[in-house]
RNA sequence: GGAGACGUGGCCGAGUGGUCGAAGGCACACCCCUGCUAAGGGUGCAUACCGGCAACGGUAUCGAGGGUUCGAAUCCCUUCGUCUCCGCCA
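Residue numbers (my numbering): 5 to 434.
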């Protein structure tokens, strides 16, 4: 959601920023609509005031026993009321129109976000870790013998359909170990607040973080009207929905491990093999609520938190600064972490860390009271995966695979696996 | 599923037809007083739109929408939300 005042005051800057998102200029349309809206509000208010005055005078006339005057004013009032209804309807209609229009416009990219129309425009910031050299052809995760023993796509399909999986034995244990490790690290080393939230939310919350109104087809809705969260960003961020918090309580840093649900509506045929892209997956999500002046530093901090997980798991990755055309709608700036998948011989996204500025806060009406005094202002919100658990499982499997079909697991996970360190080719954890 | 209660300003909480944008308290800001990490006194402190350099003024807003009425925070209806009791279930 955008500040209509900002659009009014600097329409060129607004349009220029939209252009970076491959969008046509909209400032003129918005400003014209806003003008109409304000005129309509004024007209409606003037009419209301008139009718109210007539009503007041009529009441007085009646109290004075002046029936003639009462009836005259009453007629006046009735007419005024009819006019008021029409004008108010118009004002409300225009207000809704403007609001709907603004809700559908994505956030404006920060100045340091590179130009670019799509993924190809993203800028690599650094590479961390060195991909292993294999003396055999590395397999994709679903072909590695150690994984095959406990990763049952047929069972997933039987239960639920395509893009579902059943994990058993060592795979389930490893998956759980990963999530636990991430959570512990973020809580104990990074100081985030462990949080458990619902995964079914009201529509209002999906509007707040920007999944709605435009991307409803990407998520699932229950017959009772709840939405299944596509990410815990929705719940963690909306924790401050409608609130005015003290600046002293900022930053608020949350981390949650939840199920995520996505329809993957636009990705039919993509990544159909393996568990890279599922309708249901687990993710450890970080969310920060900050004062405006702190969000840039927080973005770096949060990126560091996500990178620390990959570092600890000894997984090679690269850090990408997304270009304007490839960012999600709510983001001001997004950093992606792409993990090396030897089986695919490529880097794949495993984390996405975004600062959303006041965009979501304005939608949620989430404000803070500045410590220095003054009126409440919108908070800034940030979110980042830390990390996608399923994809992390894939990365650990592909990077740790051995010629004999076994997988050697990173040392930091051993405590979470009862001290064991390897999954054999037959799927045994030893 | 059955029965009921409630929804007021950052928070708590008065207010059952007009003089209420709304008592009082808390929190917050400034000032005064006070020999001290406390208490007391004073003032200010909602949002939106419009006008104004500003001080300030105007209009609207008491979950939302509709209705009754000359007039509604107050009455009626609908809707959303919260809570309580009973039942059921993890």
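Quick reminder that beta carbons are idealized off the backbone N, C-alpha and C, glycines included.
Please state whether DSSP places residue i in a helix, a strand or coil.
i, result
"residue 290", "strand"
"residue 258", "strand"
"residue 219", "coil"
"residue 203", "coil"
"residue 437", "The displayed coordinates of the chain run from 5 to 434. Any statement about residue 437 would go beyond what the structure contains."
"residue 247", "coil"
"residue 32", "helix"
"residue 198", "strand"
"residue 436", "Here the chain has residues from 5 to 434 only, and residue 436 is not among them."
"residue 406", "coil"
"residue 280", "coil"
"residue 27", "coil"
If we ignore side chains and look at the alpha-carbon of each, how far apart do residue i and residue j end up?
i, j, result
"residue 63", "residue 252", "52 Å"
"residue 286", "residue 203", "11 Å"
"residue 38", "residue 59", "31 Å"
"residue 210", "residue 51", "37 Å"
"residue 189", "residue 314", "11 Å"
"residue 308", "residue 396", "17 Å"
"residue 84", "residue 54", "7 Å"
"residue 82", "residue 66", "16 Å"
"residue 163", "residue 147", "22 Å"
"residue 352", "residue 117", "21 Å"
"residue 179", "residue 399", "11 Å"
"residue 75", "residue 11", "48 Å"
"residue 90", "residue 46", "13 Å"
"residue 425", "residue 411", "9 Å"
"residue 102", "residue 127", "35 Å"
Provide the residue span of the beta strand (DSSP E) that contains residue i, from first to last.
i, result
"residue 339", "337–345"
"residue 16", "Unbroken run through residue 16 is the alpha helix (DSSP H), 15–24; no beta strand (DSSP E)."
"residue 353", "350–359"
"residue 324", "321–325"
Determine whether the beta carbon atoms of residue i and residue j lie at a separation below 9 Å.
i, j, result
"residue 401", "residue 151", "yes"
"residue 213", "residue 242", "yes"
"residue 320", "residue 403", "yes"
"residue 390", "residue 288", "yes"
"residue 367", "residue 5", "yes"
"residue 266", "residue 223", "yes"
"residue 380", "residue 248", "yes"
"residue 182", "residue 433", "no"
"residue 230", "residue 216", "no"
"residue 383", "residue 362", "yes"
"residue 420", "residue 263", "no"
"residue 175", "residue 153", "yes"
"residue 358", "residue 324", "no"
"residue 149", "residue 409", "yes"
"residue 234", "residue 293", "no"
"residue 25", "residue 113", "yes"
"residue 257", "residue 303", "no"
"residue 310", "residue 291", "no"
"residue 469", "residue 347", "Here the chain covers residues 5 to 434 and nothing more, so residue 469 does not appear."
The alpha helix (DSSP H) that contains residue i, what's its start and end?
i, result
"residue 307", "299–316"
"residue 373", "Not the alpha helix (DSSP H): residue 373 falls in the beta strand (DSSP E), residues 371–373."
"residue 183", "173–188"
"residue 193", "Per DSSP, residue 193 belongs to no alpha helix (DSSP H) and is neither H nor E."
"residue 163", "157–163"
"residue 367", "363–368"
"residue 150", "149–152"
"residue 241", "237–241"
Would the C-beta of residue i count as close to the ligand ZN, meaning under 8 Å from any of its heavy atoms?
i, result
"residue 391", "Judged by which ligands are present, the structure shown has none, so any question about the ligand ZN falls away."
Discussion item. Suppose only complete runs of 4+ residues qualify. What are the alpha helix (DSSP H) ranges in the segment 70–146, listed by chain order?
Written reply: 71–107
Worksheet item: Curious, which full-length alpha helix (DSSP H) runs of at least 4 residues does the segment 376–404 contain?
Response: 393–404
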